[in-house]
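**Q** Chains A and B, in that order, give the protein sequences. Residue 20 in my numbering sits at position 20 of the first sequence, and the numbers go up by one each step. Residue 427 in my numbering sits at position 427 of the second sequence, and the numbers go up by one each step. A single structure is presented below for examination.
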Amino acid sequence: MNWFDKLLDWFSGYTDKWETNGVKFTIYTTIAVLCGGIFELIPPFFLSKTAEPIANVKPYTALEIAGRDVYQREGCNNCHTQVIRPFKWEVDRFDPQKSFGRDGYSKAGEFVYDHPFLWGSKRTGPDLAHESQIQASAEWHKTHLINPRDTAQGSVMPAYPWLFEESAKLDPSKIAAHMRGLRSVGVPYTDAEIEAGAAELAGKTEGDALIAYLLKLGRDSAELAKSLK
Amino acid sequence: MMNSQKYNDRIVKGFLISALVWGVASMLIGTWIAFQMVFPELNFGPYFTFGRLRPLHTNAAIFGFALSIIFATAYHTVQRLCRVRIWSDRLANIHFVLYNLTIVLAAITLPLGMNQSKEYAELEWPLDLLIVVWFVIFLVNYFGTIFTREEKQLYAAIWFYIASFVTIPILFIVNNLAVPVGLTKSYSLFAGVYDANIQWWYGHNAVAFVLTTPFLGLMYYYLPKHIKQPIYSHRLSIIHFWSLIFIYIWAGPHHLLYSPLPDWLQTTGMVFSIMLWMPSWGGMLNGFLTLTQAKEKIKTDATLKMLLVGITFYGMSTFEGPLLSIRSVSALGHNTDWIIGHVHGGTLGWVGMMSFAVIYYLVPRVWNTNLYSERLANFHFWVATLGILLYIVSMWVSGVTEGSMWRAVDETGALKYPNWVQITEVLKPFRLFRGIAGILYVTGLFVMIYNVIKTIATAGSGWKEIDLRVGLKEGKA
Numbered sequence: 001m002n003w004f005d006k007l008l009d010w011f012s013g014y015t016d017k018w019e020t021n022g023v024k025f026t027i028y029t030t031i032a033v034l035c036g037g038i039f040e041l042i043p044p045f046f047l048s049k050t051a052e053p054i055a056n057v058k059p060y061t062a063l064e065i066a067g068r069d070v071y072q073r074e075g076c077n078n079c080h081t082q083v084i085r086p087f088k089w090e091v092d093r094f095d096p097q098k099s100f101g102r103d104g105y106s107k108a109g110e111f112v113y114d115h116p117f118l119w120g121s122k123r124t125g126p127d128l129a130h131e132s133q134i135q136a137s138a139e140w141h142k143t144h145l146i147n148p149r150d151t152a153q154g155s156v157m158p159a160y161p162w163l164f165e166e167s168a169k170l171d172p173s174k175i176a177a178h179m180r181g182l183r184s185v186g187v188p189y190t191d192a193e194i195e196a197g198a199a200e201l202a203g204k205t206e207g208d209a210l211i212a213y214l215l216k217l218g219r220d221s222a223e224l225a226k227s228l229k
Numbered sequence: 001m002m003n004s005q006k007y008n009d010r011i012v013k014g015f016l017i018s019a020l021v022w023g024v025a026s027m028l029i030g031t032w033i034a035f036q037m038v039f040p041e042l043n044f045g046p047y048f049t050f051g052r053l054r055p056l057h058t059n060a061a062i063f064g065f066a067l068s069i070i071f072a073t074a075y076h077t078v079q080r081l082c083r084v085r086i087w088s089d090r091l092a093n094i095h096f097v098l099y100n101l102t103i104v105l106a107a108i109t110l111p112l113g114m115n116q117s118k119e120y121a122e123l124e125w126p127l128d129l130l131i132v133v134w135f136v137i138f139l140v141n142y143f144g145t146i147f148t149r150e151e152k153q154l155y156a157a158i159w160f161y162i163a164s165f166v167t168i169p170i171l172f173i174v175n176n177l178a179v180p181v182g183l184t185k186s187y188s189l190f191a192g193v194y195d196a197n198i199q200w201w202y203g204h205n206a207v208a209f210v211l212t213t214p215f216l217g218l219m220y221y222y223l224p225k226h227i228k229q230p231i232y233s234h235r236l237s238i239i240h241f242w243s244l245i246f247i248y249i250w251a252g253p254h255h256l257l258y259s260p261l262p263d264w265l266q267t268t269g270m271v272f273s274i275m276l277w278m279p280s281w282g283g284m285l286n287g288f289l290t291l292t293q294a295k296e297k298i299k300t301d302a303t304l305k306m307l308l309v310g311i312t313f314y315g316m317s318t319f320e321g322p323l324l325s326i327r328s329v330s331a332l333g334h335n336t337d338w339i340i341g342h343v344h345g346g347t348l349g350w351v352g353m354m355s356f357a358v359i360y361y362l363v364p365r366v367w368n369t370n371l372y373s374e375r376l377a378n379f380h381f382w383v384a385t386l387g388i389l390l391y392i393v394s395m396w397v398s399g400v401t402e403g404s405m406w407r408a409v410d411e412t413g414a415l416k417y418p419n420w421v422q423i424t425e426v427l428k429p430f431r432l433f434r435g436i437a438g439i440l441y442v443t444g445l446f447v448m449i450y451n452v453i454k455t456i457a458t459a460g461s462g463w464k465e466i467d468l469r470v471g472l473k474e475g476k477a
């Protein structure tokens with residue numbers, strides 16, 4: 001261990017000096033901390049391959065955005081993930097119809113319009129990345145959201161009946177601002193789409209919007225896969 | 001005490017009390033949502049469902065409880081280690097008020113569903129701005145104290161606090177960059193894979209620079225102070241400090257193994273996570289070896305027991321972390337209750353126990369009285385330790401069961417348990433035990449609060465130090 005002691009002597013020769021100089025110490029600490037961050041955060045921005053948009057994947061419509069807002073507000077991402085790992089058992093479970101061909105796991109290009117990403121970190125309930133291909137019935141989703149026990153006995157999911165009540169009617173006046181905000185961070189909405197947004201929301205409840213969002217999940221890339229087949 | 005004139009201990013008292021308040025709030029909510037996972041009837045919509053309470057639990061625990069302890073100890077140690085009063089009493093008071101205002105607003109806005117959906121960064125942009133304001137105020141005050149110090153040498157404890165306080169704003173600001181579209185709603189500047197990368201760079205380092213380095217800092221100060229023996233090795237603290245802060249920040253991508261994140265990034269995260277095991281255990285060993293200098297007193301001193309168990313759980317969690325960041329282990333453990341168990345080993349075991357030890361150390365000193373009851377402190381220690389053990393063991397079993405049932409296939413290659421609820425039913429008993437573990441832990445906390453209230457009631461009656469040095473009689477200074 002002689003070389004290690006020598007290394008330590010050499011290193012503590014420097015640090016001993018830093019420890020008496022608050023400015024130096026703080027600067028060197030900051031540099032040490034920044035190295036990893038710079039290495040991990042900067043290069044991915046310049047590597048377009050890390051997130052090439054998949055041809056068929058389209059931005060969320062006004063109603064789907066409103067539904068995504070509800071999904072975020074209710075914290076659905078605390079229990080449901082939206083990323084399928086490349087394992088047979090995950091692909092089989094979350095792509096039972098093989099809608100995505102042989103490679104039914106999540107690709108970077110599926111998430112290019114997700115501000116923020118909603119992959120989640122805990123799977124208390126099933127993954128929802130391909131929900132449109134697993135449960136395509138809007139009526140089923142409504143029943144499930146009003147009382148999860150009606151479609152899945154033993155489920156521990158909270159019930160969300162109020163999402164479909166009169167008080168949960170969407171406010172169409174806000175959606176244009178939301179879409180403009182998303183455009184400013186890179187989602188390619190046209191002026192016409194933004195103007196048409198309010199009409200799309202008229203008369204709909206938060207529950208309707210949430211279902212529209214759930215039925216969007218995985219739909220575009222599944223259609224692309226089917227057209228390739 | 002003559003110290004009370006030289007040093008500002010009012011601010012320390014303030015943060016100790018806010019630690020107790022937010023500690024109870026976060027742990028009660030934690031216990032409640034643990035039972036929601038078994039009895040969905042405990043979700044009271046729309047404001048008190050799991051999805052809205054879980055962020056409240058984590059935010060109250062990390063930013064309410066842990067950060068209060070961090071600020072209490074930072075103000076206490078920086079004045080002693082620099083031998084000067086805090087640079088500005090007024091800035092300290094502003095910091096205290098704005099900080100607690102933020103946590104109150106968090107406790108209101110999170111159940112209302114104002115949530116930007118990034119883990120441990122759920123608060124919406126107006127609150128983020130408020131946080132930046134008081135954090136800058138705190139930083140000016142903290143560094144003002146360091147730069148006007150009368151002690152030349154910066155002691156190891158203060159290194160860890162400095163590293164934490166320069167890194168937290170960097171992480172916080174970058175991850176919270178968003179475009180507001182209303183007072184209560186914003187969209188992340190980043191999308192998809194990039195956003196995930198930045199979130200877990202932040203998320204992992206919230207563990208590093210909020211839940212680890214400040215608590216190592218307080219270990220380096222309060223452990224030697226409590227036992228009146230020097231830290232075991234100064235050179236070990238040098239090497240483990242610099243390697244820890246350098247390596248920790250790289251480990252974030254281990255949260256995204258097997259995701260669409262670029263493979264080179266995943267591998268970087270995994271390699272640095274495994275490397276992190278060494279500096280982490282460097283810190284643990286330095287703590288342990290320091291503690292062995294007073295090992296005869298562990299049987300009789302509750303504070304020392306808490307420090308021992310805290311450091312043990314630090315060692316355990318920092319062994320489990322690198323283990324879980326190995327790809328094949330992550331394949332089984334990711335997204336399961338195992339991760340919840342791992343997190344709570346660190347938070348209940350390391351952060352919680354170190355915090356309790358510090359509270360028992362500080363309360364009698366800053367209120368100048370003696371602890372009301374050592375026996376109650378001892379009871380707190382045992383009930384909390386039992387709670388942690390029950391918690392992590394039930395989550396280990398639950399997580400491994402869960403991961404195994406997800407991947408199980410029969411001889412034809414088809415899923416053995418295609419029905420999700422079938423798996424949920426199997427996990428219910430373990431999740432019930434988790435809730436009971438939470439009750440045990442919260443019970444300990446209530447006992448401590450009773451003890452602290454009774455202690456403060458006798459404030460100013462004179463505090464008598466117990467010397468823990470081996471071979472000395474108790475009470476001899």
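Quick reminder that beta carbons are idealized off the backbone N, C-alpha and C, glycines included.
1. Given that a residue counts as buried once 16 or more other Cβ atoms are within 10 Å of its Cβ, and exposed if not, what is arginine 102 of chain A?
2. Name, please, each residue of chain B whose Cβ falls closer than 8 Å to the Cβ of leucine 145 of chain A.
3. When you check each C-beta in the segment 213 to 247 of chain B against every C-beta of chain A, which residues fall closer than 8 Å?
4. Quick one: list the residues of chain B neighbouring serine 121 of chain A, beta-carbon separation under 9 Å, in chain order.
5. Apply the 10 Å Cβ neighbour rule to histidine 234 of chain B and answer buried if 16 or more other Cβ atoms are within range, or exposed otherwise.
6. If you draw a straight line from the alpha carbon of asparagine 197 of chain B to that of aspartate 301 of chain B, how long is it in whole angstroms?
7. What is the rounded straight-line gap between the Cα of leucine 183 of chain B and the Cα of asparagine 378 of chain B?
8. List in chain order: all unbroken alpha helix (DSSP H) runs of 4+ residues lying wholly within the segment 169 to 216 of chain B.
9. Check each candidate in B:His342, B:Val136, B:Glu425 and B:Lys152 and name the one with the smallest Cα separation from glutamine 153 of chain A.
10. From valine 309 of chain B to methionine 353 of chain B, what does the alpha carbon distance come to, in whole angstroms?
11. Taking 8 Å as the threshold, find out whether the segment 270 to 281 of chain B comes into contact with the segment 241 to 259 of chain B through three or more Cβ pairs.
12. Could you tell me if phenylalanine 46 of chain A is buried or exposed, where buried requires 16 or more neighbouring beta carbons within 10 angstroms of its beta carbon?
13. Does the segment 443 to 461 of chain B come into contact with the segment 355 to 374 of chain B, if we say contact requires no fewer than three beta-carbon pairs (one atom in each stretch) closer than 8 Å?
14. Report yes or no: is there a C-beta of chain A within less than 7 Å of the C-beta of methionine 37 of chain B?
15. For tryptophan 250 of chain B, return the contacting residues in chain A, with the cut-off set at a CB-CB distance below 9 Å.
16. Excluding the 5 residues preceding and the 5 following glycine 113 of chain B in the sequence, name in chain order all residues of the same chain whose CB lies nearer than 7 Å to its CB.
17. Grab me the residues of alanine 477 of chain B's own chain with a C-beta within less than 8 Å of its C-beta, minus the 5 sequence neighbours each way, in chain order.
18. Quick one: list the residues of chain A neighbouring serine 259 of chain B, beta-carbon separation under 8 Å, in chain order.
19. Under 7 Å between C-beta atoms, does histidine 80 of chain A make it to chain B?
20. For isoleucine 29 of chain B and histidine 57 of chain B, I'd like the C-alpha separation in whole angstroms.
21. State the start and end residues of the unbroken alpha helix (DSSP H) segment that holds glycine 495 of chain B.
22. Would you mind reading off the limits of the alpha helix (DSSP H) that contains histidine 234 of chain B?
23. Quick check: the segment 144 to 154 of chain B against the segment 213 to 233 of chain B, are there 3 or more CB pairs under 8 Å?
24. Quick one, which residues of the segment 96 to 121 of chain B are near chain A if we go by CB-CB under 8 Å, in chain order?
25. Can you give, in chain order, each stretch of the alpha helix (DSSP H) that sits fully within the segment 32 to 93 of chain A and has at least 4 residues?
26. Within the 7 Å Cβ cut-off, does aspartate 114 of chain A reach chain B?
27. Does the segment 321 to 329 of chain B come within contact of the segment 185 to 201 of chain B, defined as at least 3 CB pairs closer than 8 Å?
28. I need the straight-line Cα distance from tyrosine 221 of chain B to proline 169 of chain B, nearest angstrom please.
29. From which residue to which residue does the alpha helix (DSSP H) around isoleucine 11 of chain B run?
30. Of all the options B:Val166, B:Leu291, B:Pro46 and B:Tyr187, which has the alpha carbon lying nearest to the alpha carbon of glutamate 165 of chain A?
31. Short of 9 Å Cβ to Cβ, which residues in the segment 121 to 154 of chain B face chain A?
32. Identify the continuous alpha helix (DSSP H) that holds isoleucine 298 of chain B and give its terminal residues.
33. Contact defined as beta carbons within less than 8 Å: I believe tyrosine 105 of chain A pairs with arginine 85 of chain A. What is the distance between those atoms, to the nearest angstrom?
**A** By the coordinates alone:
1. exposed
2. What leucine 145 of chain A touches in chain B: nothing, since even the nearest Cβ is about 11 Å away.
3. Arg235, Ile238, Ile239, Trp242, Ile245, Phe246 and Ile247
4. Glu119, Trp200, Gly203, His255, His334, Asn335 and Ile339
5. exposed
6. 45 Å
7. 48 Å
8. 192 to 209
9. B:Glu425
10. 7 Å
11. yes
12. exposed
13. yes
14. yes
15. Cys35, Gly36, Gly37, Phe39 and Glu40
16. Arg52
17. Confidence is the limiting factor: at alanine 477 of chain B the pLDDT is only 42, short of 50, which leaves the residue's position unreliable, though a coordinate-based value still follows. Excluding sequence neighbours, alanine 477 of chain B sits near Glu465 and Asp467.
18. Val83, Arg85, Ser106 and Trp119
19. no
20. 6 Å
21. For residue 495 of chain B there is no data in the structure shown, the boundaries of chain B being 1 and 477.
22. 234 to 248
23. no
24. Gly113, Met114, Asn115, Gln116, Ser117, Lys118 and Glu119
25. 43 to 46 and 62 to 73
26. yes
27. no
28. 24 Å
29. 10 to 36
30. B:Pro46
31. Glu122, Phe143, Ile146, Phe147, Arg149, Lys152, Gln153 and Leu154
32. Careful: isoleucine 298 of chain B lies outside any alpha helix (DSSP H) and carries neither H nor E.
33. 6 Å
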